[in-house]
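Structure first, then comments.
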Amino acid sequence: MKRKKNPLWYRIGVLIFGGIFCFSAYMAGRDIFEARKEAAAFRKLSEAASDYMETAEQKDSIVDPADDHTTEVENTAEAEEKQELLREAAGYASLAEQNPDYVGWLKIPGTRIDYPVMSRASDPEYYLHRAFDGSRSSGGTPFLGQLSDKDSTCMIVYGHNMKNGSMFGTLDDYKSEKWQTEHPVIEFFVDGEVREYEVFAAAESRVLYEDEEGFRYYRSGGDLSEEEYGKLITWLQENSDYETGIIPEYGEQILMLSTCSYHTKDGRFVVAARRISEP
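The numbering of the sequence shown is my numbering, which starts it at 176 and goes up by one.
The following block contains the structure:
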């Protein structure tokens, strides 16, 4: 008895679905490979900063016998922690030798956010899809927005909301007040120092149409007048997911971390913090 052949439409369907499956598997594999490659590149940068720090420590440990002047340092946990942060800052500062667009290193202790921050005034979004070395990268590298610089009144850092949790993919954890309470401080290592910022607001927003009325927080980067500063703080407090009791005053630098949000079309999510440490 002859085996009945499957109809042509059935065989075509199998080929189509098989092709779709293979293509999907390829895309998923490619995304995983790229994510691992990007993570390895950032890890290598962090290791380079650590190596620089260790080398500097070895040099500092060499004492000139002819020099009998000693400085007594208070041996406390707080002092040791401060010294460790300064050594870490020196290591991160050395990365500027690899790329002049490098501004500093952004870190939120206890989270996955631990990345370099870039800036190119001639093309603010240059690093949107580029790695630290300028090569193509789907995840890009966090970067300063237009008009922002490390010393401006308000500094906006942009990063992708990656599904794998990299870049600013975990930033929306700050929608939870509990998360903010557990991770209140953002560290920014720049120019050989560590700047600390305390989170005071986290808000959802969206990119408004040009003819649409409303406050655009994403245009608040740069040096702000006292009036502009006040409007920004008011908007952040009124739209924040929770109250922290922290009210920044004009003169205190503001750091905002901004990423895409999927709660609405062209959605955005922003975490705002004020600087609490001075040089």
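Glycine is no exception: its CB is placed at the ideal position from the N, C-alpha and C atoms. None of these values were measured; they are calculated from a predicted model.
Check, Outcome
"For Val248, the three-state DSSP class (helix, strand or coil)", "Below a pLDDT of 50, predicted positions are generally treated as unreliable, and Val248, at 47, falls in that range; the measurement from the model is reported next regardless. Reduced to three states, the DSSP call for Val248 is coil."
"Assigned exposure category for Tyr161 - 16 Cβ within 10 Å defines buried", "In the structure as shown, the chain starts at 176 and stops at 454, and residue 161 therefore has no counterpart that could be examined."
"For Asn336, the residue or residues it bridges with in DSSP", "Met342"
"Contained beta strand (DSSP E) runs [length at least 3] in the stretch 305 to 392, N- to C-terminal order", "329 to 333, 360 to 365, 368 to 381"
"Short Cβ contact (8 Å threshold) for Tyr349 with Val446", "yes"
"Per DSSP, the bridge partner or partners of Trp280", "Pro291, Phe364"
"Secondary structure of Ile421, DSSP reduced to three states", "coil"
"Beta bridge counterpart(s) of Arg443 as assigned by DSSP", "Ser380, Cys435"
"Ile451 in three-state terms, based on DSSP", "coil"
"Residue range of the alpha helix (DSSP H) that includes Glu413", "401 to 414"
"Between the CA atoms of Glu222 and Arg211 - distance to the nearest angstrom", "16 Å"
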